[in-house]
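In terms of the numbering used here, the sequence shown is residues -5 to 399.
Glycine included, every Cβ here is placed at the ideal spot set by N, Cα and C.
Following: one structure in structure tokens, then a few remarks.
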Amino acid sequence: MKRVLFTVALCIAASACFAQKKAVKEAESIAKGANPDFTEARTLIKGALENPETKDQAQTWYVAGFVEDQQFNIEKTKQMLGQQPNEPVMYEALSNLWPYFEKSYELDQQPNEKGKIKPKYTKKIKGIVSADHVFYINGGAYYFDQKDYKKAYDFFEQYLRISNHPMFEGEKVAERDSNYMTVQFYAAVASMQLGDSKTAIAALNRAKDTDYRANDVYQYLCYEYEQAKDTVNLEKTLEEGLVKFPDEPYYLLSLINVYIYSNRNEKAIESLNAAITKDPKNPQLYDVMGRVYETGMKDYAKAEEYFKKALEINPEYIESISNLGRVYYNQGVNLRDEASRINDAKEYQVELEKANAFFKQAMPYFEKAHQMKPEEREYMIALRGIYYNLNMGDKFEAIEAEMNK
């Protein structure tokens, strides 16, 4: 009785195995038929992918990828004929096929019972994927335009993974051409929209090793390090960018900000002096130097000197106009605070006049800045304080009314 039951069990197992192999062939047949039912084909192949008897066979995974490629090709043909394809269906199928083919290739490289590797599906896979490769760029662009940055990123990443796969070593698909560099860039840009600094930093670091829009990549990478509060890598990347793009002011100015915020004011001044020697007619450099002395060193005389140098080069440089006004204004505020602590009336009046002298010096600069940028609230606030301290009632009321519009 036991032998009979064992025999029956073997028959049932063989029957199940045969059924799954039949399902694989049937799925392939349906997919390449004149009127393919892709839902049915996917259902059949899904069972084979999960069945222990067929899930480790290269054929099963190849057919799974083949089904996706067939649906992709139907929509792609419409596009090539000038018809409107169903783009979500087309790109969903394209997105699905590579993982299946990648697994099939892996299984196809396994040695047989004699220890020999005799791939049956690798050539077919290479032919299909080589033909489809460039369409991953189109898929990424499609989802990028849809603002579905996760799918866009996934498409660009699949393009790169295919290019880097050992299967294509030495072939055109693996070339590091302009398409490859462009995709690396846009994969990095898409990754920045995902809210995951780790992913974005990895993608940007990969992209910065190519020449395609490298200046943009370095600046994006600095932004991501800043968001991640990784000051070590931020400073390192800024220094690399400064060497690679010496004419791009972003790196120097950002480095100087890093130096200032980390209380390395002498380092900031040293860098600025080197930059001024190289570009002595750049008002921005003198303006930044003035801010280092003002905020970092608390040396208002030096700050005033550099802001004025910037204005000698460009009298309309609004940053230095307002910064010079602020240097005078803050000194006036400091002296007024000191005066408020003096009990002697005569001495108080003397110190108050000194404070008012600074307010008077600040006034024309803030008035000019306000004229140039009337919507800038910072300038209006400063003018309101100046008019109030100098008892300029009419002007005080006028700026108040302007602020309350």
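Restricting to Cα atoms, I'd like to know which of the options is closest to residue i.
i: residue 124; options: 145, 231 and 155; result: 155
i: residue 353; options: 225, 139 and 386; result: 386
i: residue 331; options: 318, 316 and 347; result: 347
i: residue 55; options: 299, 137, 291 and 96; result: 96
i: residue 408; options: 186, 241 and 27; result: Nothing in the structure corresponds to residue 408, since the chain is present only between -5 and 399.
i: residue 310; options: 78, 204 and 363; result: 363
i: residue 85; options: 133, 113 and 388; result: 133
i: residue 327; options: 338, 64 and 383; result: 383
i: residue 366; options: 343, 71 and 314; result: 314
i: residue 256; options: 196, 148, 234 and 289; result: 289
Quick one: using the 10 Å Cβ neighbour count with 16 as the cut-off for buried, is residue i buried or exposed?
i: residue 248; result: buried
i: residue 265; result: buried
i: residue 369; result: exposed
i: residue 268; result: exposed
i: residue 4; result: Caution is warranted here: a pLDDT of 41 is assigned to residue 4, below 50, making its placement in the model unreliable, and no coordinate value can be reported.
i: residue 29; result: exposed
i: residue 98; result: buried
i: residue 51; result: buried
i: residue 167; result: buried
i: residue 111; result: exposed
i: residue 395; result: exposed
i: residue 22; result: buried
i: residue 163; result: exposed
i: residue 334; result: exposed
Give me the Cβ distance between residue i and residue j, rounded to the nearest whole Å; I'm assuming they're in contact under 8 Å.
i: residue 360; j: residue 373; result: 5 Å
i: residue 219; j: residue 209; result: With a Cβ gap of about 16 Å, residue 219 and residue 209 do not count as contacting.
i: residue 206; j: residue 175; result: 4 Å
i: residue 401; j: residue 64; result: This structure cannot settle anything about residue 401, because the visible part of the chain is limited to -5 through 399.
i: residue 82; j: residue 70; result: Residue 82 to residue 70, Cβ: 14 Å. No contact.
i: residue 262; j: residue 284; result: Residue 262 to residue 284, Cβ: 12 Å. No contact.
i: residue 161; j: residue 108; result: With a Cβ gap of about 23 Å, residue 161 and residue 108 do not count as contacting.
i: residue 250; j: residue 275; result: Contact flag wrong, Cβ pair sits at about 19 Å.
Is residue i near the ligand FAD, going by C-beta to nearest heavy atom under 6 Å?
i: residue 54; result: Judged by which ligands are present, the structure shown has none, so any question about the ligand FAD falls away.
| field | Within the region 67 to 124, ranges of the alpha helix (DSSP H) (whole runs, at least 4 residues) | value | 81 to 102
| For the region 219 to 296, which segments carrying the alpha helix (DSSP H) assignment without a break, of at least 4 residues, lie completely within its bounds, in sequence order? | You should have 225 to 238, 243 to 255, 259 to 272 and 277 to 285.
| field | Entirely enclosed alpha helix (DSSP H) segments - the region 166 to 204, minimum 4 residues | value | Those alpha helix (DSSP H) runs which fall completely within the region 166 to 204 and span 4+ residues are 172 to 186 and 191 to 201.
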